[in-house]
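Have a look at the structure below before the remarks.
What follows is the structure, given as structure tokens:
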């Protein structure tokens with residue numbers, strides 16, 4: 006049953022594509038089971054790169070540094086694609102806000118299984134509030150049922166965008182998700198909280214932000230990378246969306262944290278306990 | 203200037219992170235009020251009123267605030283912000299969940315995880331998992347910030363503020379609480395403990411945490427933590443995770459056992475006063491940040507440590 010519906014839906018999408026339906030036009034109403042997921046993603050310094058603070062204190066050196074999709078965003082793309090593969094979603098749309106190079110990140114999302122992508126092009130610094138406002142404009146065009154995004158980006162570590170977007174849209178939020186279960190018009194989200202786990206039920210449309218244990222993102226296969234090159238990426242700008250992205254923060258300086266002084270090697274447990282007690286005074 | 207600080211609590215007790223965030227709140231130099239929002243949480247408000255330097259405590263007590271869901275919290279906090287120019291919360295999962303939603307609806311940015319208040323509009327915060335510290339100045343009319351509480355000493359007691367009841371916002375039906383699995387533990391809370399002992403992938407199983415780490419932790423009155431690898435392997439629940447995406451801790455003594463010291467883990471504990479690493483790999487990154495490193499097999503070292511502490515009279 007699910008397979009048949011899902012097959013029908015996919016056919017419907019390709020049919021509509023054939024007649025050239027572009028971004029901004031949704032398939033709402035064309036299929037009974039339509040469910041669109043929007044996945045906002047960010048291009049950041051690769052997870053494995055050791056960052057270098059510029060000597061003039063103006064920021065972190067981004068020149069000639071490997072860039073990748075933010076790991077939490079990968080988890081968001083993976084979750085959306087899995088929901089689609091289960092037959093619970095009909096379309097996954099990736100969106101990124103940034104310079105021309107963010108196209109590469111969107112291609113990665115397309116290779117992982119997103120159907121199409123939107124690049125909101127800007128070379129300015131975009132703070133989380135501005136990102137949320139841009140995304141709100143995209144949501145108003147796309148009318149997704151779910152928005153799944155990473156809980157934070159590993160560059161600025163803000164952990165704000167999803168919550169801000171949910172607030173601006175006046176929709177519920179399920180942050181730090183380790184499990185997402187769709188149930189008709191609602192979605193159950195299990196959240197990683199300080200005391201353990203908490204589960205909330207949200208009415209769609211809803212915003213979900215991903216935590217680490219939600220899933221393990223796939224690597225895109227070569228055929229899928231090739232296929233992704235043919236998938237459409239629409240371009241727009243904050244200006245065409247009518248969004249003011251002027252920053253609210255001025256970065257006065259960026260410094261390296263104080264390094265810890267080198268410690269010592271102890272040979273046995275007795276020495277360790279003695280040092281902790283008599284030298285460090287912490288026992 | 204008036205500062206509103208959101209209290210961290212579970213409807214029964216005020217969490218120690220509140221007193222630490224209060225120290226950041228007082229650094230603004232204005233009147234500080236604490237908001238306790240929850241259900242049947244009068245005792246929490248009374249506790250907050252005893253903290254030093256609190257002008258008054260606002261108590262919002264309503265059924266829809268029982269689990270402090272972001273939607274209902276936001277509806278309660280927003281109208282109060284007519285009277286404040288600063289909104290702060292400890293950077294806990296509650297603070298991180300609620301504050302950005304409020305900030306967006308106030309049309310202001312949020313400054314996450316502040317570790318220093320340089321002036322009422324200028325703050326220091328970690329970026330890149332703590333590998334850099336940025337100093338930022340905001341131009342927003344209202345400052346909304348979460349506080350990395352390990353960076354601030356707790357404000358003591360000695361106050362006697364009034365507790366004033368405020369109304370809760372209208373219930374938001376689009377989000378509802380289903381259930382929770384909250385870890386019950388006799389041990390101190392991870393972010394407030396004086397001593398933390400964490401295990402990593404080297405522990406090989408959850409049973410080994412219980413068999414080898416728990417006895418040592420009990421002797422020292424320590425909290426138990428885990429690396430992301432140990433949590434991902436299913437040895438320990440998620441709320442034990444220390445690191446960039448787990449809890450940030452800064453105890454007097456941090457003992458890392460069988461933890462290699464990935465950058466994300468170091469981000470969560472490198473501000474500890476004294477760090478001990480027990481690891482069989484002398485080249486592990488954790489060895490580089492440790493004050494005392496013991497290279498050896500944890501399955502031998504931990505029982506020895508337990509015996510040695512027993513001999514020295516700990517925990518008996």
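Chains as they are written, first to last, in this note's numbering: chain P, 6 to 288; chain E, 203 to 518. All C-beta atoms, glycine included, are put in the ideal place defined by N, C-alpha and C.
Check: If contact means a Cβ-Cβ distance below 8 Å, which residues of the stretch 454–476 of chain E contact chain P?; Outcome: 454, 455, 465, 472, 475 and 476
Check: Measuring straight from C-alpha to C-alpha, what distance separates residue 192(P) and residue 84(P)?; Outcome: 13 Å
Check: Shorter than 8 Å from the beta carbon of residue 280(P) to some beta carbon of chain E?; Outcome: yes
Check: Which same chain residues, not among the five before or five after residue 492(E), have their C-beta less than 7 Å away from its C-beta?; Outcome: 477, 478 and 479
Check: If you measure between the beta carbons of residue 152(P) and residue 43(P), is that distance less than 8 Å?; Outcome: yes
Check: What are the residues that DSSP puts in a beta bridge with residue 211(E)?; Outcome: 216(E)
Check: Could you name the residues of the same chain whose beta carbon sits closer than 8 Å to that of residue 355(E), not counting the 5 residues immediately before and after it, in chain order?; Outcome: 222 and 225
Check: Could you check if residue 203(E) is buried or exposed, using at least 16 other CB atoms within 10 Å of its CB as the buried criterion?; Outcome: exposed
Check: Going along the chain, which residues of its own chain have a beta-carbon closer than 7 Å to the beta-carbon of residue 432(E), five neighbours each way excluded?; Outcome: 401, 402, 403, 405 and 438
Check: Mind listing the chain P neighbours of residue 339(E)? Cutoff is C-beta to C-beta under 9 Å, in chain order.; Outcome: 254, 255, 256 and 257
Check: Taking 7 Å as the cut-off, is the beta-carbon of residue 189(P) closer than that to any non-hydrogen atom of the ligand MG?; Outcome: As far as ligands go, the structure on display features none, and thus does not contain the ligand MG.
Check: I'd like to know if residue 161(P) contacts chain E, where contact means its C-beta is closer than 8 Å to some C-beta of that chain.; Outcome: yes
Check: Once DSSP output is grouped into helix, strand and coil, what is the label at residue 445(E)?; Outcome: coil
Check: Could you spell out where the alpha helix (DSSP H) holding residue 117(P) opens and where it closes?; Outcome: 107–117
Check: Could you spell out where the beta strand (DSSP E) holding residue 155(P) opens and where it closes?; Outcome: 151–155
Check: DSSP three-state label for residue 220(P), please.; Outcome: coil
Check: Against chain P, does residue 494(E) count as a neighbour if the rule is that its beta carbon must be under 8 Å from one of theirs?; Outcome: yes
Check: Judging by CA-CA distance, which residue of 460(E), 253(E), 513(E) and 454(E) is the nearest neighbour of residue 429(E)?; Outcome: 460(E)
Check: Please work out which residues of its chain come closer than 6 Å, Cβ to Cβ, to residue 366(E), disregarding the five sequence neighbours upstream and downstream, and give them in chain order.; Outcome: 258 and 260
Check: According to DSSP, residue 458(E) sits in a beta bridge with which residue or residues?; Outcome: 400(E) and 479(E)
Check: Taking the CB atoms as reference points, tell me whether residue 180(P) and residue 196(P) lie closer together than 8 Å.; Outcome: yes
Check: Would DSSP call residue 324(E) helix, strand or coil?; Outcome: strand
Check: If you count every other CB in all the chains shown that lies within 10 Å of the CB of residue 91(P), and 16 or more means buried, which is it?; Outcome: exposed
Check: Between the beta-carbon of residue 46(P) and the beta-carbon of residue 72(P), is there less than 8 Å?; Outcome: no
Check: Residues of the stretch 182–212 of chain P in Cβ contact with chain E at a cutoff of 8 Å, in chain order, please.; Outcome: 183, 193, 196, 197, 198, 199, 200, 201, 202, 203, 204, 205, 206, 207, 208 and 211
Check: Tell me residue 364(E)'s beta-bridge partners as DSSP assigns them.; Outcome: 258(E)
Check: In or out: residue 164(P) buried (at least 16 other Cβ within 10 Å) or exposed?; Outcome: buried
Check: Looking at C-alpha atoms only, which residue of 267(E), 484(E), 470(E) and 214(E) is the closest neighbour of residue 332(E)?; Outcome: 470(E)
Check: Is the CB of residue 483(E) under 8 Å away from at least one CB in chain P?; Outcome: no
Check: Is DSSP giving residue 168(P) helix, strand or coil here?; Outcome: helix
Check: In chain E, what lies closer than 8 Å to residue 176(P) by C-beta?; Outcome: 376
Check: In this structure, how does DSSP classify residue 235(E) when only helix, strand and coil are distinguished?; Outcome: strand
Check: Is DSSP giving residue 316(E) helix, strand or coil here?; Outcome: strand
Check: Checking 8 Å against the spacing of the C-beta atoms, do residue 267(E) and residue 274(E) come in under that value?; Outcome: yes
Check: By DSSP, does residue 505(E) sit in helix, in strand, or in coil?; Outcome: helix
Check: If you check the beta carbons only, do residue 100(P) and residue 143(P) fall under 8 Å apart?; Outcome: yes
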